[in-house]
Amino acid sequence: MGLTVCRGFWKRFWPVLPVAILFLCSMWNWKKENIYQQSAAVQVDFAMNTVVEYCLYGEEDAQALEQCRQKVSELEHILSATWQGSDLERLADSAGTPVSVSQDTLSVLEQAVRLYEWTGGRFDVTVGPLVQLWGITSTSPRVPSQQQIDEILPLVGEQPKMDAQAGTAWISQGQQLDFGGIAKGYTCDRLREICDRYGVQEGYISLGGNMMVLEDTTSLFGIRDPLGGEQAYFASLSLAGTTMATAGGYERYFEQDGKRYCHILDPETGWPAQTDLLSVSVLSQDGALADALSTALYLMGREEAMAFLQDCSQVQAVLVDTDRTVWVYGEIPDFSLHDGAGYRLAG
Numbered sequence: 019m020g021l022t023v024c025r026g027f028w029k030r031f032w033p034v035l036p037v038a039i040l041f042l043c044s045m046w047n048w049k050k051e052n053i054y055q056q057s058a059a060v061q062v063d064f065a066m067n068t069v070v071e072y073c074l075y076g077e078e079d080a081q082a083l084e085q086c087r088q089k090v091s092e093l094e095h096i097l098s099a100t101w102q103g104s105d106l107e108r109l110a111d112s113a114g115t116p117v118s119v120s121q122d123t124l125s126v127l128e129q130a131v132r133l134y135e136w137t138g139g140r141f142d143v144t145v146g147p148l149v150q151l152w153g154i155t156s157t158s159p160r161v162p163s164q165q166q167i168d169e170i171l172p173l174v175g176e177q178p179k180m181d182a183q184a185g186t187a188w189i190s191q192g193q194q195l196d197f198g199g200i201a202k203g204y205t206c207d208r209l210r211e212i213c214d215r216y217g218v219q220e221g222y223i224s225l226g227g228n229m230m231v232l233e234d235t236t237s238l239f240g241i242r243d244p245l246g247g248e249q250a251y252f253a254s255l256s257l258a259g260t261t262m263a264t265a266g267g268y269e270r271y272f273e274q275d276g277k278r279y280c281h282i283l284d285p286e287t288g289w290p291a292q293t294d295l296l297s298v299s300v301l302s303q304d305g306a307l308a309d310a311l312s313t314a315l316y317l318m319g320r321e322e323a324m325a326f327l328q329d330c331s332q333v334q335a336v337l338v339d340t341d342r343t344v345w346v347y348g349e350i351p352d353f354s355l356h357d358g359a360g361y362r363l364a365g
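Using my numbering, the letters of the sequence shown correspond one by one to residues 19 to 365.
This is how it looks when you write it as structure tokens:
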């Protein structure tokens, strides 16, 4: 069996690093009168298993940047399923017993449970055992047997319990939580608060597939082409004051015997997503909501996602289906397709 890991750690990071640095240094070409806006506080890190890019403009941009970096590190230690001593590890180790957790963990759990109910179970943080079974984002991914999946599935779906007053949470025996579909969006929300506190209202912070853009930012941003290279984009748009989260099966996957398995797992079947969508981008002032909904809508597929969005006025979305048709929901400022990218806009 020919097993090929297509997005290993170093293969993802090192090619992206020089491009990310060049992107940070050259993207912004704004003409401003205030002297502090002639330069930006920029930084490229690797955290939360992804490249993190900072580009902030403001009188106290350096201070805001340092506080943002500290917050990313703090949340990574708390919300990671693999970090030793994290809240998620302690919840799994003490399954069935209430565990004291941080306010950030409680906040994510509360949002996750609401989103689980709202999306009909499409977004589910209890997929941890499946994530471990498949290991798609690890260095040793594998295709488990149906029997192994069937043994794991009963652990998925029962939502965590919380006592906000006591500051505790708990899960059932054998369960594991995974915040991979919400933690980066939640982090974007916390980073926006830091920028607001320092009066920094121009620039952006990118965490993998999540882009948090400050409200006075006038530049346009691109949505990555799911069928193109890492620097190929099929559309551009304004994101001022919002966070955009994009989900798709094109970035993290592995191949075995000629078949591709993406990292987005279906909590109902236990298998990687089988969908007629190539990517889903969700825009919202609520980063956690955008992050979680991008995953849920991708799992739904085009028709179910379209129906869901009809009653979802608090977000905007861009869906790309396997026919290379782009479906836009809500009013998205300055949205346009790139000529020559090979996509067409739905009527």
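In this text, a Cβ means the ideal position worked out from N, Cα and C, and glycines have one as well. Only a predicted model underlies this, so the values are computations on that prediction, with no experimental measurement involved.
| Straight-line gap, E273 to Y279 (C-alpha atoms, nearest Å) | For the purposes of this step, residue 273 is taken as the residue at position 255 of the sequence shown. For the purposes of this step, residue 279 is taken as the residue at position 261 of the sequence shown. When rounded, the distance between both Cα atoms is 6 Å.
| task | Look at the Cβ atom of T123, then the Cβ atom of L97, and state whether they are nearer than 8 Å. | result | Stepping through the sequence shown from its first residue, residue 123 is reached at position 105. Stepping through the sequence shown from its first residue, residue 97 is reached at position 79. In contact: T123 and L97 (Cβ atoms closer than 8 Å).
| task | Rounded to whole angstroms, what's the CA-CA distance from D294 to L127? Just pull it up for me. | result | Stepping through the sequence shown from its first residue, residue 294 is reached at position 276. Stepping through the sequence shown from its first residue, residue 127 is reached at position 109. Their backbone Cα atoms lie some 29 Å apart in a straight line.
| Option in C330, L283, S302 and R342 with minimal Cα separation from D142 | Here residue 142 refers to the residue found at position 124 of the sequence shown. Ranking C330, L283, S302 and R342 by Cα distance to D142 puts L283 first.
| request: Output the distance between the C-alpha atoms of E78 and Q334, rounded to the nearest integer angstrom. | output: By one-based count along the sequence shown, residue 78 stands at place 60. By one-based count along the sequence shown, residue 334 stands at place 316. Just so you know, the alpha carbons of E78 and Q334 end up roughly 31 Å apart.
| Secondary structure at I241, three-state DSSP: helix, strand or coil? | The count along the sequence shown starts at 1 and reaches residue 241 at position 223. Strand.
| said: Assess contact between the segment 242-256 and the segment 347-364, defined as three or more Cβ pairs (one per stretch) separated by less than 8 Å. Is contact present? | reply: Yes, the segment 242-256 touches the segment 347-364.
| What are the boundary residues of the alpha helix (DSSP H) that S312 is part of? | Working through the sequence shown from its first residue, we reach residue 312 at position 294. Residues G305 to M318.
| query | What's the gap between the Cα of L301 and the Cα of G259? | reply | The residue labelled residue 301 in the question sits at position 283 within the sequence shown. The residue labelled residue 259 in the question sits at position 241 within the sequence shown. In this model, L301 and G259 are separated by some 10 Å (Cα to Cα).
| said: So T137 and V174 are supposed to be a Cβ contact under 8 Å. How far apart are they, rounded? | reply: Here the question's residue 137 lines up with position 119 in the sequence shown. Here the question's residue 174 lines up with position 156 in the sequence shown. 14 Å between Cβ atoms; not a contact.
| field | Nearest residue (CA-CA) to L317, options H281, Q165, W188 and S331 | value | For the purposes of this step, residue 317 is taken as residue 299 along the sequence shown, with counting starting at 1. Ranking H281, Q165, W188 and S331 by Cα distance to L317 puts H281 first.
| field | Residue burial classification, L151 (beta-carbon count within 10 angstroms, cutoff 16) | value | Here residue 151 corresponds to residue number 133 of the sequence shown, with the count starting at 1. Buried, because 16 or more other Cβ atoms sit within 10 Å of the Cβ of L151.
| What is the DSSP secondary structure of E51, reduced to helix, strand or coil? | For the purposes of this step, residue 51 is taken as residue 33 along the sequence shown, with counting starting at 1. Summary for E51: the model assigns pLDDT 36, below 50, so the residue's position carries little reliability; its value from the coordinates is reported in the next sentence. In the structure shown, E51 sits in coil (DSSP, three-state: anything other than H, G, I, E or B).
| message | S312 and T236 - do their beta-carbons sit closer together than 8 Å? | response | Within the sequence shown, numbered from 1, the residue matching residue 236 stands at position 218. Within the sequence shown, numbered from 1, the residue matching residue 312 stands at position 294. Cβ atoms of T236 and S312: not closer than 8 Å.
| said: Which same chain residues end up closer than 6 Å to K373 when comparing Cβ atoms and leaving out the 5 residues on each side of it in sequence? | reply: For residue 373 there is no data in the structure shown, the boundaries of the chain being 19 and 365.
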